[in-house]
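Protein chains in written order, with this note's numbering: chain A, 5 to 105; chain B, -9 to 543.
Glycine included, each C-beta is placed from N, C-alpha and C at the ideal position.
Okay, structure first, notes after.
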């Protein structure tokens, strides 16, 4: 794993996120198991289903790298202790290069 | 500058071809990430927050126009039009695709550049004084020794899998601009009875356990230095911990054994070397490498030309201000070393656009003997500039936002990429540096404050060197909130010290105000403009600063 993220409880809604192996871009698993570069398309999963989805992702080495759980709300919005990190990961650096703050 | 010979070119070319195959196998899924990771790291490829990041080696920070232009072209063709210069005098590209990296490496190899040993548990890029070969206070040019060490350490089979990464810095000046005290090995070049040699320091480093290097040998003659380094590395490789990543650096071994015992073991190893193991660097080889670093044919600068330089300063206050801050004394009469600031107020420290890189490349070729350096403070340097060219140079830099007059002033901060880019970071660094810089934007105010180094890291790994900042700022995660710990009193020069934590961490929005209170306290306590911040702090102790820092809390 490239990084170790906090453990989440089974009843915490979670999205499966990873990096696209070819481009390195952040991606999120949709409900149908495909991957999107748009965090808004991330599907929330719970309990056993979440574990199954993560295992599926781990089996797609050529497509995605280092999948892990990211805490979200029931509607799929980024939540929890890593909200800042995951928001930056989803939307990019918080300053625009060359334009200052 | 060292030029690749046929052997170097073949070695790098073979490595690119090998990595191309490894990338193909990764993209096909034949290699899993856990298998691929050590291979990509050995080629400078990280997986960061948003994309793959490629770190390219700039040995001891030296470039020429062609090399810098090549880096500019990489950023334009394969990245987002900019690159990030690092505290290890390297450059990083933050947005590259894995499939493109073999092509990038091949493109770089065409100009004698590579990414070998920019990551992994090996001997990393050897760093040095960014004014090497130019500084008036230098005993001799340390770059030939950096190159000799680079050649010895490149692909050294015994040291390819050390317990942890290993960093070496070399200086030859009384004023240490290479931060040797916070390196795994720090070398100071000396001359004793006509013999060139090295004072050897070992066991320095930052990260979660910051320690200053201990002097383990007063003097190692130049012909013995590679054998001695080999002995140090061998003792470390044998006894350095591999069971705990956080205790694996040589600093822990030196600390736990004690410098004296560590030195004794190195001496024993050194004495035991013999026969085919002994390198005993031949003088002819030392001379051969030195020849690559012969000074340029400095053009004489006439009294009339020097007068023109003086007149330009008298006529243009902004130019004079820049000269007062960003020029460094040169050993050659009529010349100066120029710091090209990559710290515009509101910018990201160390970042340069492709256009800026192209511009500096052209200016170096036109005005500065085609020599460019990257400083560990994340600026570019033109080490040799005849003073008669300074006004034209400044005008060109000014037009490209590269002439901020802030070298070693409060806005010349060392800043890691932080949580905006880094997968290890806990907090953002760049926005904090930008907010602090805004508060001190006025040049006159910065000059009034004088020399003051602020270093900012976004996590305990300390890539922003916060431990050795006069004011250090460390971003930490507190239950999902970014907060910042302030330390005071660090320095990385010949009086190196690790800063002390001033007190509880602050919210991001409170950091600029806190820095302002520290600075105000300094201005009220100093005995005159000659007493810089760090000296006032050493005289008064931390108490008055802590009081001011937390006064509003």
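Here residue 123(B) is not near residue 352(B), since their CB atoms are 8 Å or more apart.
Shown here, residue 379(B) sits in a helix according to DSSP, grouped into three states. Relative to the Cα of residue 81(B), the nearest Cα in the group 89(B), 110(B) and 50(B) belongs to 50(B).
Within the stretch 28 to 54 of chain A, the residues whose Cβ lies closer than 7 Å to some Cβ of chain B are 28, 29 and 30, listed in chain order. When 8 Å is used as the limit between beta carbons, residue 99(A) is near these residues of chain B: 338, 410, 420, 421 and 424, in chain order.
Near chain A, meaning a CB-to-CB distance below 8 Å, the residues of the stretch 33 to 45 of chain B are 37, 38, 39, 40, 41 and 42. Rounded to the nearest whole angstrom, the CA to CA distance from residue 26(A) to residue 103(B) is 24 Å.
At a cut-off of 8 Å between beta carbons, residue 89(B) contacts chain A.
Look at the stretch 53 to 67 of chain A: the residues with a C-beta under 7 Å from a C-beta of chain B are 65 and 66. Relative to residue 217(B), the option among 279(B), 232(B), 199(B) and 264(B) whose CA is nearest is 264(B). Beyond the five residues adjoining it in sequence on each side, residue 505(B) comes within less than 6 Å, by CB distance, of 426 in the same chain, given in chain order. Looking at the DSSP output, residue 187(B) bridges to 180(B) and 211(B). Measuring C-alpha to C-alpha distances from residue 418(B) to each of 455(B), 464(B) and 397(B) identifies 464(B) as the nearest. Secondary structure note for residue 241(B): its alpha helix (DSSP H) is the uninterrupted segment 240 to 247. Here residue 100(A) is exposed. Its C-beta has fewer than 16 other C-beta atoms within 10 Å.
Cβ contact annotation for residue 496(B) (same chain, cutoff 6 Å, sequence separation greater than five): 474 and 504, in chain order.
In the three-state scheme derived from DSSP, where H, G and I count as helix and E and B as strand, residue 455(B) is classed as coil. Cβ-Cβ distances below 8 Å link residue 331(B) to 316, 369, 392, 393, 394, 395, 396, 397 and 402 in the same chain, with the five nearest sequence neighbours on each side left out; the list follows chain order. A direct Cα-Cα distance of roughly 41 Å separates residue 147(B) from residue 319(B). Here residue 18(A) is bridged, per DSSP, to 49(A) and 75(A). Around residue 81(A), no beta-carbon contact reaches into chain B at under 8 Å, the shortest distance being about 15 Å.
Contact annotation: residue 220(B) and residue 186(B) have beta-carbon atoms that are not nearer than 8 Å.
Contact check for residue 46(A) and residue 96(A): beta-carbon distance about 16 Å, past the 8 Å limit, so the pair fails to qualify. The shortest C-alpha to C-alpha distance from residue 175(B) to any of 182(B), 429(B) and 193(B) is the one to 193(B). DSSP places residue 461(B) in the strand class (E or B) of the three-state scheme. Contact annotation: residue 420(B) and residue 455(B) have beta-carbon atoms that are not nearer than 8 Å.
Within chain B, not a single residue places a beta-carbon under 7 Å from that of residue 78(A); the smallest gap is close to 19 Å. Per the C-alpha coordinates, the member of 22(A), 65(A), 51(A) and 60(A) positioned closest to residue 94(A) is 22(A). Under DSSP, no beta-bridge partner is assigned to residue 403(B).
Counting C-beta pairs closer than 8 Å gives fewer than three between the stretch 374 to 393 of chain B and the stretch 56 to 63 of chain A, which falls short of the contact rule. Secondary structure note for residue 433(B): it is in no beta strand (DSSP E), and the uninterrupted alpha helix (DSSP H) holding it is 433 to 439.
The C-alpha of residue 57(B) lies about 36 Å from the C-alpha of residue 184(B). The three-state secondary structure of residue 134(B), taken from DSSP, is helix. Of all alpha-carbon atoms in 344(B), 323(B), 343(B) and 350(B), the one lying nearest the alpha-carbon of residue 329(B) is that of 350(B). Residue 481(B) holds the alpha-carbon nearest to the alpha-carbon of residue 523(B) among 481(B), 501(B) and 494(B). With 16 or more other Cβ atoms from the protein chains shown falling within 10 Å of its own Cβ, residue 73(B) counts as buried.
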